[in-house]
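For what it's worth, the numbering used here labels the leading residue of the sequence shown as 1142, then goes sequentially.
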Amino acid sequence: MRIIPVFTALLVSAFLYLIVFERDSLVAFAQGAPTADTDLTLEDTAAETEVADVSDGAVGVVALHSVAQTVDSAVILRGRTEAARQVSVAAETSGLVVSEPLRKGAFVNAGDALCRLDPGVREASLAEARARLAEAQGRVPEALAGLTEANARVSEAEINLNAARQLSLDGFATETRVASEQAAMDAATAGVQRANSAVIAAEAGIEASEAAVASAEREIERLEINAPFAGLLETDTAELGSLMQPGALCATIIQLDPIKLVGFVPELDVDKISVGAIAGARLTAGREVQGRVTFLARSADELTRTFRVEVTVENADLSISDGQTAEIIVAAEGRTAHLIAQSSLTLDDDGILGVRTVDENNIAVFMPVTLLRDTPEGVWVTDLPETVDIITVGQEFVIDGVRVAPTFQEAKG
């Protein structure tokens, strides 16, 4: 009597097993389809392929007929933004600050006053220097008049001396008179020399007085410290009432328009970059900017052996700050390359990266490649012929010299 319940339990267990573990086979059996497992290879599903004959013992592979294309090359650098100019404006003279401070972040134009100092006695010093200049200028006419008078005395003494000599020759004058006239001539000549010295001294006094006036005026000009260029204040200007000494900081100003992108290129890629090349960058916030290379260092850094590259970018809205991280891309001369799937790459016995190709006799041949760029569509490789048949499936199962039966797939545009 217990056989039937046991038998029923076995049937239910078998049915549950089929439902859970053999569901696909059960459904196929119910639909009258074969239940044998079928593994589809990539060769069976390759789109737009022509079936190859492998009856001669050749190894079946899938290949791609690739034609080289010209692609834009680029050098990618990691860098940062840098202000075009940054200056710490300092005082050139001493004095108390009498101007209200400007707060950091404020925009100033070239020539705007940043700090003003108390003039003190500088105005009086300037007035004194101008008075001395006027006095020195008044001495010059007097000295010139003295020179004119001295020259006249020389002329008179020369006439008297010549007359005394002539009379002495005719016997009408003594040698004593000639000697007296010669002494008068020498005295007149000495007077001319003294007059010339007085003129020179007067002119020197004018120059000294003019220098004193210029110095006093320059000292007054230094009382107002102005912005050397348009930019943003990085610090507050000096506080009202603070005492400034020569060299004391008034404010720090930076220029952000245009702004520089600074990167460092390794020596292997330095020949790919030239001044004037188009360059772009992606900032950390995702913003993309574009400019041109304006500087390429000719001397490598002693530690890193890299070369400094500067790219100038417009920043009219001042939205790009100094010191932001940037990924810089510098355009280089285009190269011919092949676009292939990354899975097509393989290594030879020496560990060299390359691809397996099919020659005109359907023989597998390994060719080394250089990886140029990795993209979502595939990898760009160089060092291959203009046209080449690249094995994309099955390259790991053949070696150089093995005959293959390629099935060609259509290249993607």
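In this text, a Cβ means the ideal position worked out from N, Cα and C, and glycines have one as well.
Judged by DSSP secondary structure, residue 1367 falls within the beta strand (DSSP E) whose first and last residues are 1365-1367. In this structure, residue 1372 lies away from residue 1402, with their beta-carbon atoms at least 8 Å apart.
With distances taken between CA atoms, residue 1526 lies nearest to 1511 out of 1535, 1536, 1511, 1537. Residues of the same chain with a CB within less than 6 Å of the CB of residue 1269, apart from the 5 flanking positions on each side, do not exist.
Nearest Cα to residue 1490 within the set 1508, 1274, 1481, 1317: 1508.
Under the DSSP assignment, residue 1338 falls outside any beta strand (DSSP E), being part of the alpha helix (DSSP H) whose first and last residues are 1316-1362. As a beta-bridge residue in DSSP terms, residue 1401 pairs with 1223, 1453.
Annotation for residue 1354: 1270, 1271, 1274 place their beta carbon closer than 6 Å to its own, counting only its chain and skipping 5 residues before and after. Excluding its 5 nearest sequence neighbours in each direction, residue 1242 has C-beta neighbours in its own chain below 6 Å: 1377, 1378, 1380, listed in chain order. By the Cβ criterion, the stretch 1306-1325 is not in contact with the stretch 1239-1259, since fewer than three pairs of Cβ atoms, one from each stretch, lie closer than 8 Å. Around the CB of residue 1332, 16 or more other CB atoms lie within 10 Å, so the residue is classed as buried. The continuous alpha helix (DSSP H) containing residue 1271 extends over residues 1263-1311.
By a beta-carbon distance limit of 8 Å, residue 1476 does not contact residue 1453. Their separation comes to about 26 Å. Assignment of beta-bridge partners to residue 1218 by DSSP yields 1469. Shown here, residue 1412 sits in a helix according to DSSP, grouped into three states. For residue 1265 and residue 1278, the gap between their C-alpha atoms comes out near 20 Å. In the structure shown, the three-state DSSP call for residue 1378 is coil. Contact annotation, residue 1472 with residue 1420: C-beta distance approximately 7 Å; criterion of less than 8 Å satisfied. Annotation: the continuous beta strand (DSSP E) that includes residue 1207 extends over 1200-1208. Beta-bridge partners of residue 1496 (DSSP): 1508. Pairing residue 1228 with residue 1394 gives a Cβ-Cβ distance under 8 Å. Taking residue 1209 as the centre and dropping the five residues before and after it, the same chain places the C-beta of 1477, 1479, 1527 closer than 6 Å to its C-beta, in chain order. Per DSSP, residue 1491 is not a residue of any beta strand (DSSP E), being assigned neither H nor E. Distance check between residue 1231 and each of 1223, 1322, 1255 places 1255 closest, using alpha-carbon atoms only.
Per DSSP, residue 1247 lies in no beta strand (DSSP E) segment and is marked neither H nor E. Contact holds between the stretch 1328-1342 and the stretch 1283-1297, because three or more Cβ pairs, one in each stretch, are under 8 Å apart.
Looking at 1539, 1233, 1309, the one whose alpha-carbon comes closest to that of residue 1356 is 1233.
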